[in-house]
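S.K.:
In the numbering used here, the protein residues as written are 2 to 225.
#1: What are the boundary residues of the beta strand (DSSP E) that includes residue 73?
#2: Please name the residue in 145, 78, 201, 95 whose C-alpha comes closest to that of residue 222.
#3: Could you name each continuous alpha helix (DSSP H) segment of 4 residues or more that falls completely within the region 32-120, going from the start of the chain to the end?
#4: Label residue 23 either buried or exposed according to how many other C-beta atoms from any shown protein chain fall within 10 Å of its C-beta, with 16 as the threshold for buried.
#5: Let's test the definition: count the other Cβ atoms within 10 Å of the Cβ of residue 225 and tell me whether it reaches 16, buried, or not, exposed.
#6: Mark residue 5 as exposed unless 16 or more other C-beta atoms lie within 10 angstroms of its C-beta, in which case mark it buried.
#7: Count the other CB atoms, across all protein chains shown, that sit within 10 Å of the CB of residue 79; report buried if there are 16 or more and exposed otherwise.
#8: Mapping DSSP to helix, strand and coil, what is residue 205?
#9: Whole angstroms are fine: how far does the CA of residue 75 sit from the CA of residue 169?
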């Protein structure tokens with residue numbers, strides 16, 4: 002799946018509708034993922050979210066940190082996000098490509114949630130190193146992907162999105178083993194706990210793998 006899928010197709014109001022799901026278990030997953038991060042914030046952190054869309058998670062976490070910035074590749078999503086966050090003074094959203102990060106400041110916490118490892122192709126050790134360079138000593142990076150136990154509900158959610166016209170029709174013959182493929186070329190993969198462990202090992206820092214709510218799996222890297 003290419004980054005420009007999000008820049009050209011799944012952006013702005015469409016992305017907003019993705020999260021207007023009628024599936025209770027998916028709502029629970031979305032809430033649990035945010036709650037896990039929120040419970041690990043003290044309130045004094047500067048936070049960066051990679052692939053922030055229109056700022057859904059940014060807004061949810063703004064009250065639990067000193068400041069939070071979200072970046073996204075889609076100008077339309079960022080434009081919607083500026084409106085969405087206009088009454089959240091410690092939150093900001095800007096257009097930026099994760100593969101061309103240009104921040105001069107460093108952050109206490111960096112988030113790459115909602116299976117961003119797949120969506121933004123965060124797989125190379127070089128990119129992981131660049132992300133870690135933007136974290137202060139003693140800071141953390143959170144990556145999350147889907148739990149294998151959540152596959153049935155994830156599939157239901159993607160079918161719901163396709164029915165809303167937000168994605169192409171699912172190719173059910175090719176959709177399996179944690180990989181969702183749509184007939185319009187969209188492809189969403191899943192990183193296994195073993196994949197996350199490999200990323201953690203390559204980082205050179207202490208890390209943890211933590212499953213939340215039987216729906217998401219987190220890799221937390223502690224930069225010392």
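From the three backbone atoms N, C-alpha and C, an ideal C-beta is built for every residue, glycine too.
M.R.: Quick look at the numbers:
#1: First-last of the beta strand (DSSP E) with residue 73: 68-73.
#2: The shortest C-alpha separation from residue 222 is found at 201.
#3: Runs found: 57-62, 76-85, 117-120.
#4: Counting Cβ neighbours within 10 Å, residue 23 comes out exposed, since fewer than 16 surround it.
#5: Exposed is the call here.
#6: Here the model assigns residue 5 a pLDDT of 46, short of 50, so the residue's position is not dependable, and the following value carries that caveat. Burial call: exposed.
#7: Classification for residue 79: buried.
#8: Shown here, residue 205 sits in coil according to DSSP, grouped into three states, outside any helix or strand.
#9: When the Cα atoms are used, residue 169 and residue 75 turn out to be separated by approximately 19 Å.
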